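Report on the structure given below.
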Amino acid sequence: MIELALGVVVAGLVAWLMRRKRQQRATAIAAGQAAGVPCMLKWSVQGSRWRAGRLLIGAGPFVWKPSLGKREAVLPVDLCRVGVRSPSLREAVAVNPGSRIVECESSDGEVLIAVMPPELEHVIKALGSV
Numbered sequence: 027m028i029e030l031a032l033g034v035v036v037a038g039l040v041a042w043l044m045r046r047k048r049q050q051r052a053t054a055i056a057a058g059q060a061a062g063v064p065c066m067l068k069w070s071v072q073g074s075r076w077r078a079g080r081l082l083i084g085a086g087p088f089v090w091k092p093s094l095g096k097r098e099a100v101l102p103v104d105l106c107r108v109g110v111r112s113p114s115l116r117e118a119v120a121v122n123p124g125s126r127i128v129e130c131e132s133s134d135g136e137v138l139i140a141v142m143p144p145e146l147e148h149v150i151k152a153l154g155s156v
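Structural data, given as structure tokens:
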């Protein structure tokens, strides 16, 4: 019984922290400041796998910072959104099945950005302003 109560408290704390971080990100983006949106990126220049990281939205060009490692990648300046879709069954193994994939085209080829629905609006607006 104590374990159940402790689990509920921990789950509530984690949900509160995640909501708070999302609100801070939304406030920073609305104020024009740079903010990192958690996402997964698949870009032929980076390899053929999905890689976890953060897409820095704000001043300047799009920069993707990987979760592991220190090698940042500047996304192409001519990046434009082609569409938004749900992940395929095969992609759902690599990314969260509840995420949405933003399909983009550039001179360097296709770029796929997988983001969760609450963050989707920020990415789409940022791609529209490029």
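For the sequence shown, the tail end lands on 156 under our numbering, and the numbers increase by one without skipping. All C-beta atoms in this analysis are idealised placements derived from N, C-alpha and C, irrespective of residue type, glycine included. Since the structure is predicted, the reported quantities are computational estimates derived from the model, not experimental observations.
Going by Cα to Cα distance, which pick from R48, R107, P64 is closest to A125?
-> A small correction: the amino acid at residue 125 is Ser; Ala does not occupy that position in the sequence shown. Answer by Cα proximity: P64.
Rounded to whole angstroms, how far is the Cβ of W90 from the Cβ of A99, which I believe are closer than 8 Å?
-> Taking C-beta atoms under 8 Å as the contact rule, W90 and A99 qualify, at a distance of about 5 Å.
Delimiting residues of the alpha helix (DSSP H) encompassing A52 = Bounds of the alpha helix (DSSP H) holding A52 are 28-56.
Helix, strand or coil for G73 per DSSP?
-> In the structure shown, G73 falls within a coil segment according to DSSP collapsed to helix, strand and coil.
Given 8 Å as the limit, is there contact between the stretch 123-138 and the stretch 95-115, that is, 3 or more CB pairs closer than that?
-> With a cut-off of 8 Å on Cβ pairs, the stretch 123-138 is in contact with the stretch 95-115, counting three or more such pairs.
In the DSSP assignment, find the unbroken alpha helix (DSSP H) run with V149 in it and report its ends.
-> From DSSP, the alpha helix (DSSP H) with V149 extends over 143-154.
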